[in-house]
Amino acid sequence: MSILRRLTPLGFPALIVVLLPMAWVLDDYATKTLTSILVLGLLAASVALLTGVAGLPTLGQTAPYLVGAYTAATLVRHDVSIGVVQLLAAAAAGALFSLVTAPLVVYARGVVVLMITLALGELTMTVAGRWKSVTHGTDGLLAFAAPAPLPGLVTLDTDRATYLYVLTVVAVLVGVMLLVLRSPAGALLRAARDGEARMRASGHPVAGYLTVAYVAAGGLAGAAGSLLVTVERYVSPGAGGFDISALVLLAVVIGGATSLVGALLGAGLVVATRDWIASRDWFGGSMAGHAPLVLGGLFILCVYLLPRGLLGKRTAHE
Amino acid sequence: MSDLLAVDGLGRRYGDLAALDGVDLRVAPGDRLGLIGPNGAGKSTLLNLIAGSLRPTAGRIRFDGRDVTRLAPARRARLGIGRTHQHPAVWASLPALDNVLVAARLPWGRFRAGRRAKPREHARELLAGVGLTGVEQTLAGALSHGQRRQLELAMALAGEPRLLLLDEPAAGLAPPEVEVLASLLASLPLTVAILLVEHHLDLVYGFADRITVLHSGRHVHTGTVPETRSSPEVAAAYAGVAP
Amino acid sequence: MDAYLIPAVDGVGYGLLLFVVAAGLTLAFGVGDVLNLAHGTLFAFGAYAAAKVSDGTWLSLALAVLVGTAAAAAGGAVLSALLVPLAGRGHLAQALLTFGVALVVGDLLVGLFGPDELPVKVPALLDRPVDIAGHSYPGYRLAFIGVAALIAVVLYVVVARTRVGSLVRATVDDRDMVATLGVNPFMVRTGVLAAGGALAGLAGALGAPIIGPGPRTADLVLMLSLVVVVLGGLGSIGGAFVAAIAVGEIQTIGVTSEVTQDFAPFLLFGAMAVVLSARARGLLTSRRSAA
Numbered sequence: 001m002s003i004l005r006r007l008t009p010l011g012f013p014a015l016i017v018v019l020l021p022m023a024w025v026l027d028d029y030a031t032k033t034l035t036s037i038l039v040l041g042l043l044a045a046s047v048a049l050l051t052g053v054a055g056l057p058t059l060g061q062t063a064p065y066l067v068g069a070y071t072a073a074t075l076v077r078h079d080v081s082i083g084v085v086q087l088l089a090a091a092a093a094g095a096l097f098s099l100v101t102a103p104l105v106v107y108a109r110g111v112v113v114l115m116i117t118l119a120l121g122e123l124t125m126t127v128a129g130r131w132k133s134v135t136h137g138t139d140g141l142l143a144f145a146a147p148a149p150l151p152g153l154v155t156l157d158t159d160r161a162t163y164l165y166v167l168t169v170v171a172v173l174v175g176v177m178l179l180v181l182r183s184p185a186g187a188l189l190r191a192a193r194d195g196e197a198r199m200r201a202s203g204h205p206v207a208g209y210l211t212v213a214y215v216a217a218g219g220l221a222g223a224a225g226s227l228l229v230t231v232e233r234y235v236s237p238g239a240g241g242f243d244i245s246a247l248v249l250l251a252v253v254i255g256g257a258t259s260l261v262g263a264l265l266g267a268g269l270v271v272a273t274r275d276w277i278a279s280r281d282w283f284g285g286s287m288a289g290h291a292p293l294v295l296g297g298l299f300i301l302c303v304y305l306l307p308r309g310l311l312g313k314r315t316a317h318e
Numbered sequence: 001m002s003d004l005l006a007v008d009g010l011g012r013r014y015g016d017l018a019a020l021d022g023v024d025l026r027v028a029p030g031d032r033l034g035l036i037g038p039n040g041a042g043k044s045t046l047l048n049l050i051a052g053s054l055r056p057t058a059g060r061i062r063f064d065g066r067d068v069t070r071l072a073p074a075r076r077a078r079l080g081i082g083r084t085h086q087h088p089a090v091w092a093s094l095p096a097l098d099n100v101l102v103a104a105r106l107p108w109g110r111f112r113a114g115r116r117a118k119p120r121e122h123a124r125e126l127l128a129g130v131g132l133t134g135v136e137q138t139l140a141g142a143l144s145h146g147q148r149r150q151l152e153l154a155m156a157l158a159g160e161p162r163l164l165l166l167d168e169p170a171a172g173l174a175p176p177e178v179e180v181l182a183s184l185l186a187s188l189p190l191t192v193a194i195l196l197v198e199h200h201l202d203l204v205y206g207f208a209d210r211i212t213v214l215h216s217g218r219h220v221h222t223g224t225v226p227e228t229r230s231s232p233e234v235a236a237a238y239a240g241v242a243p
Numbered sequence: 001m002d003a004y005l006i007p008a009v010d011g012v013g014y015g016l017l018l019f020v021v022a023a024g025l026t027l028a029f030g031v032g033d034v035l036n037l038a039h040g041t042l043f044a045f046g047a048y049a050a051a052k053v054s055d056g057t058w059l060s061l062a063l064a065v066l067v068g069t070a071a072a073a074a075g076g077a078v079l080s081a082l083l084v085p086l087a088g089r090g091h092l093a094q095a096l097l098t099f100g101v102a103l104v105v106g107d108l109l110v111g112l113f114g115p116d117e118l119p120v121k122v123p124a125l126l127d128r129p130v131d132i133a134g135h136s137y138p139g140y141r142l143a144f145i146g147v148a149a150l151i152a153v154v155l156y157v158v159v160a161r162t163r164v165g166s167l168v169r170a171t172v173d174d175r176d177m178v179a180t181l182g183v184n185p186f187m188v189r190t191g192v193l194a195a196g197g198a199l200a201g202l203a204g205a206l207g208a209p210i211i212g213p214g215p216r217t218a219d220l221v222l223m224l225s226l227v228v229v230v231l232g233g234l235g236s237i238g239g240a241f242v243a244a245i246a247v248g249e250i251q252t253i254g255v256t257s258e259v260t261q262d263f264a265p266f267l268l269f270g271a272m273a274v275v276l277s278a279r280a281r282g283l284l285t286s287r288r289s290a291a
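Chains as they are written, first to last, in the UniProt record's numbering: chain A, 1 to 318; chain B, 1 to 243; chain C, 1 to 291.
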């Protein structure tokens, strides 16, 4: 079992408790890095929800992520400056996008889902690049104004404030998801993943359950997109490229596919490893510009080395 | 007509091959019907057609007066058709008790009226009823083959079916386990009609009130146990004579 | 209507190109049981070969096609070898390995050839416009349509009419049955990945003037061939052909028409939505799901 899976029983609250004081302990650069890790971690959690819990392996969560990010950026540009409003709008946009695309995904299984979601992610990125009137194409949208999280609070002008905002949002969203997954809803989803035929024989509408999970994951990804805009103050189609899909899926794989918290930890590990490799002097210091190479290499290593059949051997679906 | 299940002219073809051809069947509430026949007779095909996991190419299925021929399996299950599978289908990553709880739930999670007060107690009773004690919290994936069979039966019963389709429950069981299965079958609620597909003839003869025999996709005989045992057509079918 | 003639013809060419690529992907998936996410990268091998080897002479064009096809075929074979340690690990692990390889090799290609799209030289004879119904049309593209159509016909004949083809179709229908025929599964997978790769490389080398080599080429080709395979239905040559032409037309007409320009990428979404919901739970799940 993955080391990270063993750690997660220590509790999601423990993780938050550890991360909270980092706002004051770390320097600005490390704070910014940790903030980015949290954003990607939330996206990875949405991938884990689909891949591990619902049994729908996906390379396409960058689609609702981009939809959410562009929604948030557009709101910023229209002077909507409350962080929570941007967040809710982005989450709603991501969820709506997933609702519309759900019929494409929830009737397929296994690698076919991978195929379809990959195509969807790419298509979305292409739309982002071409729909110039809305997205400004490959130039991207600049969303420079820092938001205030709630009406009446100060705007997020410092790295520390941004970090705390992102941490709070991630903690709340992942926490709620974990609670939901502990409820009967989680059992229904896991049962659907483990044995669809038996679910049908017991009268359960499997496609309906998968659709709900898919829409929820879309909402999470959309929310992550809004956080991306808050942190980077900018979005472009490249934010949803193959290497982000790879990074996020890798995080999920390392963290143990079924664990949302594992996805967060996995994101941290992957980003840290990628940055560490980039900072090395290997090959004359040229590793820095080669994120896809590093990620791909890590991917290959993990596929070979992780024995838990990667995304689990769910014989009912393979 | 008090038929719970009425199957008329049911057929399933694959290209030129007819796995099932022109089969009629009647099941009344509370019936104990055995379905037997040599390999390839079409027993599992018939069971799957009734359960809905296969679509027929000919014929009609009515359940409780309602045409269910085109209904999806989940719909039929909600109407009261329960089933078990040849390879016991349980949810491996959930504990045994949770398997029964999920199976007892209606779509979107509610429990049936009458079970809402104490669902866990009821689930425990079901487990005890099929002979599974002490494994409530064991993950279903860790149970033995025989225990999974028992669990799936409990799951099927949790759905409060009016017709229960059992697909070769004795497959893979050792003789002592078959004994246990036989007494388990005997203890099933009399309000539930049961269609038992089986190869294990003694088990069927000891359980069923009536027996239907299929051979090469066709109906060959329906009758009481003594009638079936002494039927020349049935003997011929098992001897490999073409129908 | 007139304004659409040229893009429509373009669409046929684009579609035929996608058909050949998608055929390779379907072959690997249907017969080899591998979702090869590095398929677009193999196309890029062919395209880069064309850019670098072809210098305007017929000989160099032939050489480019040879080099591109061979390199892509070799790539497919290497992938099959890389999959050996994953025996018994399931389709997802295999697909993800090919994904990792696609990332690595894609980055190496950019490192080797630079981050820009490379121009491709075509032989002078083809490098001039030809007259179609009063419109002038690039000669190479017309020739490409002819050659690609020929390849498509050959593919159809091989699959539908030869013994190898019937073995392919049988495997797609029922892999376990064919396994009992005593064929070495590793050799089958290597052969099929090499053949699928060869198709991708061939398409890349010949089609480089249409979809040129660049950093986004592999991703684009992978996405489009996935869409074609999903739309066309797995294992259906006829379906893949129709889907490929449709996608080709959407990509060309959709992009050039001012009305649909903004919506061209949505058109692909829409097409996927319509086709997949029409099939609903049917074809896609039939091979891959349990009862």
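Note that the Cβ used here is the ideal one computed from N, Cα and C, for glycine as well.
All values reported here derive from a predicted model rather than from experimental measurement.
Here G172 (chain B) is exposed: its Cβ has fewer than 16 other Cβ atoms, across all protein chains shown, within 10 Å. By the Cβ criterion, the segment 260-268 of chain A is not in contact with the segment 65-81 of chain A, since fewer than three pairs of Cβ atoms, one from each stretch, lie closer than 8 Å. In the structure shown, T258 (chain A) adopts coil according to DSSP, grouped into three states.
Only E196, A197 from the segment 189-201 of chain A bring a Cβ to less than 8 Å from some Cβ of chain C. The beta carbon of A51 (chain B) lies closer than 7 Å to those of P73, R76, I81, R83, L165 in the same chain, with the five residues before and after it left out. By the neighbour-count definition (other C-beta atoms within 10 Å, threshold 16), L17 (chain C) is a buried residue. In terms of Cα proximity to T74 (chain A), the closest of A:A185, A:A145, A:P103, A:V180 is A:A145. The beta-carbon distance between L94 (chain B) and L139 (chain B), rounded to whole angstroms, is 7 Å. This is short enough to meet the 8 Å contact definition.
According to the DSSP assignment, R13 (chain B) belongs to no alpha helix (DSSP H) but to the beta strand (DSSP E) extending over 5-14.
Within chain A, the residues placing a beta-carbon under 8 Å from that of R83 (chain B) are A201, ordered along the chain. By the Cβ test, the segment 19-26 of chain B is in contact with the segment 45-62 of chain B, since at least three Cβ pairs between them sit closer than 8 Å.
Residue pairing by DSSP places P73 (chain B) in no beta bridge whatsoever. Secondary structure at A58 (chain B): strand, using DSSP grouped into helix, strand and coil. Unbroken beta strand (DSSP E) runs of no fewer than 3 residues, entirely contained in the segment 174-216 of chain B, are found at 193-197, 210-215, following chain order. Nearest CB-CB separation between H39 (chain C) and chain A: not below the 8 Å threshold. Scanning its chain for C-beta atoms nearer than 7 Å, with the 5 sequence neighbours on each side dropped, one finds around V225 (chain B) the residues Y205, A208, I211, in chain order.
If only complete runs of 4 or more residues are kept, the segment 193-268 of chain A shows the alpha helix (DSSP H) at 196-201, 206-232, 242-255, in order along the chain.
For S53 (chain B), there is no enclosing beta strand (DSSP E), since its DSSP letter is neither H nor E. Three or more beta-carbon pairs separated by less than 8 Å are not found between the segment 186-204 of chain A and the segment 82-92 of chain A, which leaves the two stretches without contact. D219 (chain C) has a beta carbon lying within less than 8 Å of a beta carbon in chain A. Using a Cβ-Cβ cut-off of 8 Å, L94 (chain B) is close to A187, R190, A191, D194 of chain A, given in chain order. At least 8 Å separates the CB of I277 (chain A) from every CB of chain C. R112 (chain B) and G159 (chain B) have their C-alpha atoms spaced approximately 9 Å apart. For R32 (chain B), the beta-bridge partners assigned by DSSP are B:I194.
Closer than 8 Å to the CB of P205 (chain A) there is at least one CB belonging to chain B. In this structure, the beta-carbon distance from E122 (chain A) to D219 (chain C) falls below 8 Å.
It is roughly 9 Å from the alpha-carbon of L142 (chain A) to the alpha-carbon of V76 (chain A).
Runs of beta strand (DSSP E) with 3 or more residues, each lying fully within the segment 24-102 of chain A, are absent. Excluding residues up to 5 positions away in sequence, I132, A133, H135 lie with their Cβ nearer than 8 Å to the Cβ of L5 (chain C) in the same chain. Taken through DSSP and simplified to helix, strand or coil, A14 (chain A) comes out as helix. Taken atom to atom, the span from the alpha-carbon of L4 (chain B) to that of R66 (chain B) is near 10 Å.
DSSP, reduced to helix, strand and coil, places V27 (chain B) within a strand of the structure shown.
Excluding residues up to 5 positions away in sequence, A44, Y48 lie with their Cβ nearer than 7 Å to the Cβ of L109 (chain C) in the same chain.
Contact between the segment 195-212 of chain A and the segment 90-108 of chain B is established, with three or more Cβ pairs separated by less than 8 Å.
The contact set of D98 (chain B) on chain A, defined by CB atoms closer than 7 Å, consists of A187 in chain order. The straight-line gap separating the alpha-carbon atoms of A108 (chain A) and A95 (chain A) is approximately 19 Å.
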